[in-house]
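Sequential numbering from 1 applies to the sequence shown in full-length UniProt numbering. We put the beta carbon where it would ideally sit given N, CA and C, even for glycine. Okay, so here's the structure we're looking at.
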Amino acid sequence: MDTQFYQLKGTCSQLIVQVNEVAEIVYYGRILKSGMEAGNALTALARPIPYGRLDDDIPVSLNPQLARGQFGSPGLEGHRNGQQWAPEFIITAVHHTERELVIESQDQRAQLQLSVSVTLDQHDVLQMQQTLTNIGEKGYSVTRLANTIPLPERASEVLSYYGRWVKEFQQTRTALTAGGFIQENRRGRTSHEHYPAFMVGPSGFNDEQGEVWGAHLAWSGNHRMKVDVKADGRRVVQAEALYLPGEIYLESDASITTPRLYMSYSDAGLNGMSQQFHNHVRQEILQSRVSKPRPVHLNTWEGIYFDHDPDYIMQMATQSKEIGVERFIIDDGWFAGRNDDTSSLGDWFIDEGKYPHGLLPLIEHVHNLGMEFGLWFEPEMVNPLSELYRRHPEWVLGVDGYQPPTGRHQYVLDLQNPAVFDYLYERLDHFLSTYPIDYIKWDMNREIVQPGHGGVASGVGQVNAYYALLDKLNAAHPHVEIESCAAGGGRIDYEVLTRTHRFWTSDNNDALERQQIQKGFSYFFPPEVMGSHIGATHSHSTRRTHAMSLRGISAIFGHMGLELDPVKASREEKAAFHYYVELHKQWRDMLHHGVTYRLNLDDAQQQQGVVVVAKDKSQALMAITQLGMGTYSLSGRLRIPGLEPEKHYQITLIDAPQGVNDIVNRQPQWMQETVTLSGEWLCHVGIAMPLFDPETAVLIGLQHIVS
Ligand code: GLA
Numbered sequence: 001m002d003t004q005f006y007q008l009k010g011t012c013s014q015l016i017v018q019v020n021e022v023a024e025i026v027y028y029g030r031i032l033k034s035g036m037e038a039g040n041a042l043t044a045l046a047r048p049i050p051y052g053r054l055d056d057d058i059p060v061s062l063n064p065q066l067a068r069g070q071f072g073s074p075g076l077e078g079h080r081n082g083q084q085w086a087p088e089f090i091i092t093a094v095h096h097t098e099r100e101l102v103i104e105s106q107d108q109r110a111q112l113q114l115s116v117s118v119t120l121d122q123h124d125v126l127q128m129q130q131t132l133t134n135i136g137e138k139g140y141s142v143t144r145l146a147n148t149i150p151l152p153e154r155a156s157e158v159l160s161y162y163g164r165w166v167k168e169f170q171q172t173r174t175a176l177t178a179g180g181f182i183q184e185n186r187r188g189r190t191s192h193e194h195y196p197a198f199m200v201g202p203s204g205f206n207d208e209q210g211e212v213w214g215a216h217l218a219w220s221g222n223h224r225m226k227v228d229v230k231a232d233g234r235r236v237v238q239a240e241a242l243y244l245p246g247e248i249y250l251e252s253d254a255s256i257t258t259p260r261l262y263m264s265y266s267d268a269g270l271n272g273m274s275q276q277f278h279n280h281v282r283q284e285i286l287q288s289r290v291s292k293p294r295p296v297h298l299n300t301w302e303g304i305y306f307d308h309d310p311d312y313i314m315q316m317a318t319q320s321k322e323i324g325v326e327r328f329i330i331d332d333g334w335f336a337g338r339n340d341d342t343s344s345l346g347d348w349f350i351d352e353g354k355y356p357h358g359l360l361p362l363i364e365h366v367h368n369l370g371m372e373f374g375l376w377f378e379p380e381m382v383n384p385l386s387e388l389y390r391r392h393p394e395w396v397l398g399v400d401g402y403q404p405p406t407g408r409h410q411y412v413l414d415l416q417n418p419a420v421f422d423y424l425y426e427r428l429d430h431f432l433s434t435y436p437i438d439y440i441k442w443d444m445n446r447e448i449v450q451p452g453h454g455g456v457a458s459g460v461g462q463v464n465a466y467y468a469l470l471d472k473l474n475a476a477h478p479h480v481e482i483e484s485c486a487a488g489g490g491r492i493d494y495e496v497l498t499r500t501h502r503f504w505t506s507d508n509n510d511a512l513e514r515q516q517i518q519k520g521f522s523y524f525f526p527p528e529v530m531g532s533h534i535g536a537t538h539s540h541s542t543r544r545t546h547a548m549s550l551r552g553i554s555a556i557f558g559h560m561g562l563e564l565d566p567v568k569a570s571r572e573e574k575a576a577f578h579y580y581v582e583l584h585k586q587w588r589d590m591l592h593h594g595v596t597y598r599l600n601l602d603d604a605q606q607q608q609g610v611v612v613v614a615k616d617k618s619q620a621l622m623a624i625t626q627l628g629m630g631t632y633s634l635s636g637r638l639r640i641p642g643l644e645p646e647k648h649y650q651i652t653l654i655d656a657p658q659g660v661n662d663i664v665n666r667q668p669q670w671m672q673e674t675v676t677l678s679g680e681w682l683c684h685v686g687i688a689m690p691l692f693d694p695e696t697a698v699l700i701g702l703q704h705i706v707s
C-alpha cells in the first residue's frame, strides 16, 4: 500500500495520520496554516534506525501490535484457546471525512477485525474508539483493548489526579522520565482515588501557559491510563477499560468496543484545554438536555439526615423558598425502614411510619411553593438487613461460594440479572410515573468487589447494565433530571454525563477544602454540572467553621445549592443565604455559559482564583480565596485574563469578608474608589492584590464601560 497522509483539523489543533501497512499519528499539535506537506512528509519524518534494534522502523500505530515488533504495551491482548495471541492486522479500508478518520483492518489468520475511529471536532476535542470483532467460528478471549495516541518527545510532565472520600480531585505532577506514568482503578466506579484523566505536556505548563494535551477516558468503571516512555524516547498515551480475567469472551461475530478516549490539545495552557473541553461538554454532551437555568437546590441530607418528619420537611421547604431555593430534594431516609445506614436499601417503598399520607402532600407543598421536587435513590444497592435481601439473597453481585465484603453495610446488586434490572426499573418508574418528581439524586455509596455474573467476572457488564437502566429510565421520563453521585464525586465522567445532568462533586462542603476539589473538577467540566452547596457553619466533614462569605462565594461558582436545615438557621444566616442565592441567580446565566479561567496568582501557594468571562466579554465575575497566611506581607498583583484588550472595564468589589480592613493599615485604592481599566492593562499589568485573612474570599465584578 502506498503511503497516504490524512488530516483532521479542529479550530486550533490538528492531527496528521500516516497510513501504509499500519496507521500512525505522526502529528498532533497546533493547527498548521500552510497545509500538510503531504508530498514531503514521508522524507521529513522517516526515523533513523539505530544499532542494536530491529532492522526496520516500527511505528507506534493506533493499535500497537506485538507481532510487528512493538515492545511497548500492545493495543490488543487476547487469544483463541491459547492460539492467535499476537495478531497482525492489515488495513483493509480507510474512510475519511472532514471530522473523522476510520481505519478498518483485519487479520485473516486470527479471524479478527479491528475498526479504529478518530474524530476531531470544532471544539478541538478528539475522540478515539476501537471495535474488535471476532469473525472466526470459535470464541476469542480479550484481555485488553486500548486506545493509543503517541505524543511528541517534549511531553515531559504529567498532571494527574488522586484523592479519597471527601477529598476528590487532588492533583500531583510527575516527571515523565524512563518508564512513564500509570494509574489503575479497580474500584468499580470512576473512584475518588483516580479520576480517569490526566494532562501532559512539556514540563512547566500551567493554567495560562504552555502546550498541553488533556486525556479523559469516558468510562464509569475500572480503568488503566498511562503514558509510556519508550527506550527511544517516544511517548505514548494509552487508555482502556480494565477487563477482569476471562470477562471479555467474544462468540463468533461478537464485538467489543472500547470506551471513548477524549483528548484535547492547546498551546494556551490548561485554561485553553479546559475551555475546549467545556465547549464540547456543553454542545455535544449536554446539548439541549438542560435548556432552562439550573435551579438552586436545597438538599436535606446534612440538615436532617435520616430524621424525616413531613411536617417539619414542609417547614424546611417553605423556608427554602424564602431563601430563594428553586428545587427541593429529599435525600436518604424516606423509604421503608431506613433509619440509619445499616438497613433497607433495596426496599424502594415509602416509609409509611414516617410518611403516613405518602409523599404526595409534600411534593404538592413543594410545587405549590413554585419549586421543583427531587428524590434520592441508591438503586444499585441492597442492605443485608432489608426485605429485598431476605427475599432475594441471590441477587447480590458476587462469585458463587465466596462472600463479598460489605461496604457501608451494603452489597451491590447484579444488574445483569434481568430480574434485578426489571425490579429496579419497575420501582424507579413507579415513583416517576406516580408522583410529579422532577429530579433524582442517584447515589452509589460503595465500591464494587467481586463483580461476578453467572460465575464469570463481569465488571464491564455491570457498568453497561447501569447505563442501560439509566437509558431506559431517561427514555420513559425525558424531563426528569438526574444527578450522578457516588459518596460525593466517585462516579464522574463524560459517558455517565450523556445520561445525567450534573454531579455531586464531594460530600465535603467545607469551603476551604472545596477550593482544591472544585479546581480539580474544573479542568474537564464546566461550572454548571458541578454541584456546589453552602453547608452548615460547622462543616460536617471537617468540623471547621468558616465565615459566610467564603461559603457563599465558593458555592456561587457551580450549580449552586444549600446542604443544611434552614429552619435551624438564624434570621441573619437566612438573610445571608438569600443574599448569596440571589447573587448567584444574578450571575448564573453568565457563569453557566461563560469562559472559565483559573488564575495564575503570584502567591499561588496561599491563594487561588477563578474568573468567568461572559462570551461577549462584556462582564466577568472573579473570586480570589486566601487559603492560608500569605507567603509575603504583600501578594503582588492580580492579573485578569480573558477580557477584550481594547475594552474598558469598571472593577467593583462585590463581596468581602467582614473585617477585611481590620488588620491592614490600608487596602488597595481600587477597593475604595471606582476604577476603570482596559482589558489589556488588567491582563498584563494588573491591579494590586488586596490583603485578606486566611480562609476568606473576595468577589470582584468587572463590567464593560462604553466611554
Ligand atoms: C452519600 C451522598 C450524600 C448523601 C448520603 C445519603 O454519602 O454523597 O450526599 O446522599 O449518601 O446516604
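Query: Do Leu145 and Leu132 have their C-beta atoms closer together than 7 Å?; Result: yes
Query: Using the Cα positions of residue 711 and Ser506, report the straight-line distance between them to the nearest angstrom.; Result: In the structure as shown, the chain starts at 1 and stops at 707, and residue 711 therefore has no counterpart that could be examined.
Query: List in chain order: all unbroken beta strand (DSSP E) runs of 3+ residues lying wholly within the stretch 263-325.; Result: 297-299
Query: Does at least one heavy atom of the ligand GLA sit under 6 Å from the Cβ of Gly558?; Result: no
Query: Suppose you measure from the CA of Gly630 to the CA of Asp589; what does that come to, to the nearest Å?; Result: 33 Å
Query: List the whole-angstrom C-beta distance separating His533 from His297, where the pair is believed to meet the contact cut-off of C-beta under 8 Å.; Result: 7 Å
Query: Using DSSP with H/G/I as helix, E/B as strand and the rest coil, what is Phe431?; Result: helix
Query: With a threshold of 6 Å on Cβ separation, who are the neighbours of Val612 within its own chain once the five nearest residues in sequence on each side are excluded?; Result: Leu591, Gly594, Thr596 and Leu621
Query: Tell me the rounded alpha-carbon separation between Met371 and Pro436.; Result: 12 Å
Query: Sort Phe205, Gly179, Asn299 and Cys12 by Cα distance to Trp442 and report the nearest one.; Result: Asn299
Query: Can you grab the Cα-Cα spacing for the pair Leu32 / Trp213, in whole Å?; Result: 17 Å
Query: Specify, as a first and last residue, the run of the alpha helix (DSSP H) that Leu244 falls within.; Result: Taken as a continuous stretch (DSSP letters only), Leu244 belongs to no alpha helix (DSSP H), as it is neither H nor E.
Query: Pairs of beta-carbons, one from the stretch 542-549 and one from the stretch 251-266, closer than 8 Å: are there three or more?; Result: no
Query: Hey, out of Asp207, Met225, Glu211 and Asp124, whose CA is closest to Ala155's CA?; Result: Glu211
Query: What is the rounded straight-line gap between the Cα of Ala241 and the Cα of Gly221?; Result: 7 Å
Query: Going by the beta-carbon positions, is the gap between Leu702 and Ile651 smaller than 7 Å?; Result: yes
Query: Would you say the stretch 18-31 touches the stretch 51-63, given that touching needs at least three Cβ pairs under 8 Å?; Result: yes
Query: Could you tell me which residues DSSP puts in a beta bridge with Asp341?; Result: For Asp341, which the question treats as bridged, DSSP gives no partner whatsoever.
Query: I think Arg502 touches Asp471, with their Cβ atoms under 8 Å apart; what is that distance to the nearest whole Å?; Result: Incorrect: roughly 18 Å between the Cβ atoms, too far for contact.
Query: Give a yes or no on whether the C-beta atoms belonging to Asp510 and Ile304 are separated by under 7 Å.; Result: no
Query: Please name the residue in Val382, Lys226 and Ile350 whose C-alpha comes closest to that of Thr174.; Result: Lys226
Query: Taking one C-beta from the stretch 278-289 and one from the stretch 304-314 each time, how about it: are there three or more such pairs within less than 8 Å?; Result: no
Query: CA-CA distance, Asn665 and Phe692?; Result: 12 Å
Query: Which residue from Glu168, Gln319 and Leu244 puts its Cα closest to that of Gln516?; Result: Glu168
Query: Look at the alpha carbon of Val449 and the alpha carbon of Arg187, and state the distance between them as a whole number of angstroms.; Result: 7 Å
Query: Since Val102 sits in a beta bridge, which residues does DSSP pair it with?; Result: His95 and Ser117
Query: Taking the Cβ atom as the reference point for each residue, do Leu54 and Phe89 lie within a distance shorter than 7 Å?; Result: no
Query: As an exercise, report each continuous beta strand (DSSP E) stretch of at least 3 residues that is fully enclosed by the stretch 331-403, in chain order.; Result: 372-377
Query: Compute the minimum distance between the beta carbon of Gly488 and the heavy atoms of the ligand GLA, and state whether it is under 6 Å.; Result: yes
Query: Using the DSSP secondary-structure output, state which residues sit across from Tyr6 in a beta bridge.; Result: Val17
Query: Which of the three DSSP states is assigned to Ser522 in this structure?; Result: helix
Query: What residue range is occupied by the uninterrupted beta strand (DSSP E) comprising Lys226?; Result: His223 to Val229
Query: Can you name, in chain order, every residue of its own chain whose Cβ lies under 7 Å from the Cβ of Asp351, other than the five neighbours on each side?; Result: Trp334, Phe335, Ala336, Gly337 and Arg338
Query: Given a threshold of 16 other Cβ atoms within 10 Å of its Cβ, counted over all protein chains shown, does Gln491 qualify as buried or as exposed?; Result: Reading off the sequence, residue 491 comes out as Arg, not Gln. Arg491 comes out buried.
Query: Report all residues from its chain with a CB closer than 7 Å to the CB of Glu528; omit the five preceding and five following residues, and keep chain order.; Result: Arg294, His559 and His592
Query: Does the beta-carbon of Asn445, which I'm using as the reference point, lie nearer than 6 Å to any heavy atom of the ligand HEM?; Result: The model depicted lacks the ligand HEM and carries the ligand GLA instead.
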